[in-house]
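Residue 271 in UniProt numbering sits at position 271 of the sequence shown; the count goes up by one each step and never skips.
Every residue gets a Cβ at the ideal spot worked out from N, C-alpha and C, and that includes glycine.
A quick write-up on the structure given underneath.
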Amino acid sequence: MESLFPNLELSPISTKSPKPTSFLLPSHRFSSLKSRTITKKWSVSVPCVCSSSPTVKKTESKLHSNGQDFIKSVGKGVIGFAAAATALASVCYDAPAFAESLTVAFPVSRAPEVNTVQRTLVEAWGLIRETFVDPTFNHQDWDLKLQQTMVEMFPLNSADVAYTKISGMLSTLGDPFTRIISPKEYQSFRIGSDGNLQGVGIFINIEPRTGHLVVLSCVKGSPAARAGIHEGDELIEINGERLDGVTSEAAAQKLRGTAGTSVKVKVHSVIIYALSLTAMESSRDAGIREVNLPREYITLSPISSTIIPHKTPDGHLAKTGYVKLSAFSQSAAIDMANTILDMETQGVHSYILDLRNNPGGLVKAGLDVAQIWLDGDETLVNTIDRDGNMLPINMVDGHAITHDPLVVLVNEGSASASEILAGALHDNGRAILVGHKTFGKGKIQSVTELHDGSALFVTVAKYLSPALHDIDQVGIMPDVQCTTDMLNSPRDSLLKNESSTSSLEADSCILVAEHELDIQESEGTAS
């Protein structure tokens with residue numbers, strides 16, 4: 001019988017004195033908060049014995065100086081798996097010299113596809129055990145949770161259903177940002193980070209307080225934007241399928257598809273609902289509508305910019321560089337640096353960085369963007385690990401591209417990396433914040449690709465701003481607030497020409513930002 005695990009070093013079956021068989025799972029590398037790389041190796045032993053229930057055994061064991069020596073004694077041969085066969089999973093570390101070894105016995109599914117998911121479960125469970133920010137795992141026995149999940153998974157015949165058991169196990173952690181996504185969803189996630197996809201042009205996220213899928217923003221000119229979908233709208237159904245309990249990645253995957261096809265979306269529009277309340281609309285379906293969205297090629301260029309001419313209080317004609325950063329993709333920092341350098345050659349002497357409705361993205365991109373504006377060895381963010389240790393992340397001999405006055409625009413849709421960037425610029429005295437309180441996502445996730453192509457997102461740390469302000473579920477309060485309404489023109493007409501200078505000048509937050517820049521420039525001149 002062919003082994004279910006093709007890379008195993010195998011041993012013959014023995015009913016008298018079974019010798020466990022080990023194989024090494026793929027290595028996983030984590031970037032620790034101390035800027036070093038740790039390699040975790042997983043060793044799984046498979047003895048040919050029967051067991052009626054899972055067991056867990058913890059021992060203190062001295063590891064060999066070379067982790068590979070731990071499995072050198074394993075023989076070779078063939079193993080047949082009976083229905084009630086058990087597998088033993090052991091965690092093996094390279095360092096320190098003394099470490100805790102955990103052995104877990106669980107029933108192996110006779111369905112190969114479910115058996116593969118069991119392996120994924122062990123990987124995910126182990127990564128959580130080693131890196132999750134809450135060492136109490138939401139006040140539960142995480143070892144016991146693995147056993148329970150394995151027992152639930154054992155009788156299943158479908159990989160898809162088995163994956164829901166992993167998701168169920170992760171949900172008990174009480175952290176909506178720690179999750180697993182399928183290989184297909186992970187590929188879509190990587191495409192989105194690279195900046196190109198086929199879909200409807202909408203950014204969505206789970207609102208942690210309600211668990212609902214809400215719209216953070218729409219790509220300018222995209223099918224979603226043209227259909228009048230706005231920030232704050234709640235997604236209810238996609239192609240007739242309810243989205244209760246569906247992750248943001250799974251929903252995004254349903255929205256994406258081949259250009260030229262379409263997808264039907266039911267949304268609860270906050271704007272329509274507000275109008276209905278104004279009109280004393282009492283229907284429970286007020287604000288709910290269904291739209292058919294064509295899928296198109298969406299280019300997620302993270303930067304859009306223009307130069308806004310305006311007169312200062314003393315009548316001087318000034319140029320303000322307006323830069324809109326819509327997402328923190330891999331190219332965000334390079335694109336912004338090129339944009340600022342170009343504006344400097346055009347005589348720009350002040351800047352507005354618009355982070356409104358920017359849901360975040362790659363945290364590293366946020367830190368790279370911060371260094372465009374800051375000098376020296378400034379602290380960009382403080383991280384707090386699972387043991388409560390705080391570690392600042394500092395620049396190293398930074399050199400800003402420009403020292404011109406800067407205002408950063410934020411609102412409720414500014415989340416994650418946007419908040420890290422806003423906090424770094426504000427707390428280091430580089431920028432004034434204008435707008436509304438930010439989203440409040442003060443947690444950092446690692447993303448690890450598992451052996452089957454799926455990916456595990458794990459909250460590995462919390463972060464505080466450089467001035468030690470807690471952001472998680474609190475957000476950042478701007479220095480100056482402004483209304484969200486556009487002045488002098490209705491919202492719909494402005495959305496059609498959002499990139500034009502005239503529409504920007506009608507944005508009340510832009511007007512407030514220009515006023516703050518005038519103050520900064522006058523103070524700078526006086527000094």
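In this structure, DSSP gives residue 262 an extended state, which the three-state scheme calls strand. Annotation: residue 386 to residue 327 spans about 28 Å, alpha carbon to alpha carbon. Here residue 190 is exposed. Its C-beta has fewer than 16 other C-beta atoms within 10 Å.
Cβ neighbours of residue 353 within its own chain (closer than 6 Å, five residues either side excluded): 323, 408. Membership of residue 415 in any beta strand (DSSP E) is not indicated, and neither H nor E is assigned to it by DSSP. Going by DSSP, residue 168 is part of the alpha helix (DSSP H) stretching over 159-171.
Residue environment for residue 302: buried (at least 16 other C-beta atoms within 10 angstroms of its C-beta). Note: residue 447 is bridge-paired with 457 in the DSSP secondary-structure output. Per DSSP, reduced to three states, the secondary structure at residue 401 is coil, with no helix or strand assignment. 8 Å or more divides the Cβ of residue 457 from the Cβ of residue 473. The beta-carbon distance between residue 307 and residue 336, rounded to whole angstroms, is 15 Å. This is too long to meet the 8 Å contact definition.
Distance from the Cα of residue 434 is smallest, within the candidate group 402, 509, 132, for 509. Its chain contains 234 as the residues whose beta carbon lies nearer than 6 Å to that of residue 212, once the 5 sequence neighbours on both sides are disregarded; these appear in chain order. Residue 331 and residue 139 have their alpha carbons spaced roughly 40 Å apart. Counting the other CB atoms within 10 Å of its CB gives residue 249 a total of 16 or more, which places it among the buried residues.
The straight-line gap separating the alpha-carbon atoms of residue 258 and residue 187 is approximately 15 Å.
Sequence-distant Cβ neighbours of residue 255 in its own chain, meaning closer than 7 Å and more than five residues away, are 199, 200, 202, 238, 263. Counting C-beta pairs closer than 8 Å gives three or more between the region 365-379 and the region 425-434, which meets the contact rule. Rounded to whole angstroms, the gap between the alpha carbons of residue 160 and residue 453 is 14 Å.
Residue 218 sits in a strand when the DSSP states are folded into three classes. Each residue's CA atom was taken as its position, placing residue 468 and residue 382 some 7 Å apart. Here DSSP, grouped into helix, strand and coil, assigns residue 268 to strand. Residues of the same chain with a CB within less than 6 Å of the CB of residue 455, apart from the 5 flanking positions on each side, are 181, 186, 447, 449 in chain order.
Within the same chain, Cβ atoms closer than 7 Å to the Cβ of residue 172 are found at 138, 140, 145, the five residues on either side in sequence being excluded. Distance between residue 413 and residue 348, taken at the CA atoms: about 28 Å. The beta carbon of residue 521 lies closer than 6 Å to those of 405 in the same chain, with the five residues before and after it left out. The beta carbon of residue 311 is closer than 8 Å to those of 317, 318 in its chain, skipping five residues each way along the sequence. Take residue 482, set aside five residues on each side of it, and the residues of its chain with a beta-carbon closer than 7 Å to its own are 434, 435, 508, 509, 512, in chain order.
For residue 390, same chain residues with a beta-carbon under 8 Å away, outside a window of 5 residues either side, are 382, 383, 384, 464 in chain order.
Excluding its 5 nearest sequence neighbours in each direction, residue 437 has C-beta neighbours in its own chain below 6 Å: 475, 477, listed in chain order. Rounded to the nearest angstrom, the gap between the Cα atoms of residue 175 and residue 143 is 18 Å. Taking all protein chains in view, the Cβ of residue 396 is surrounded by fewer than 16 other Cβ atoms within 10 Å, so the residue is classified as exposed. The Cβ neighbour count for residue 209, taken over all protein chains shown within 10 Å, is under 16; the residue is labelled exposed.
Counted as a single uninterrupted DSSP element, the alpha helix (DSSP H) harbouring residue 224 occupies residues 223-226.
Residue 399 has its alpha-carbon roughly 36 Å from the corresponding atom of residue 231. Contact check for residue 166 against residue 120 passes: the beta carbons are separated by less than 8 Å.
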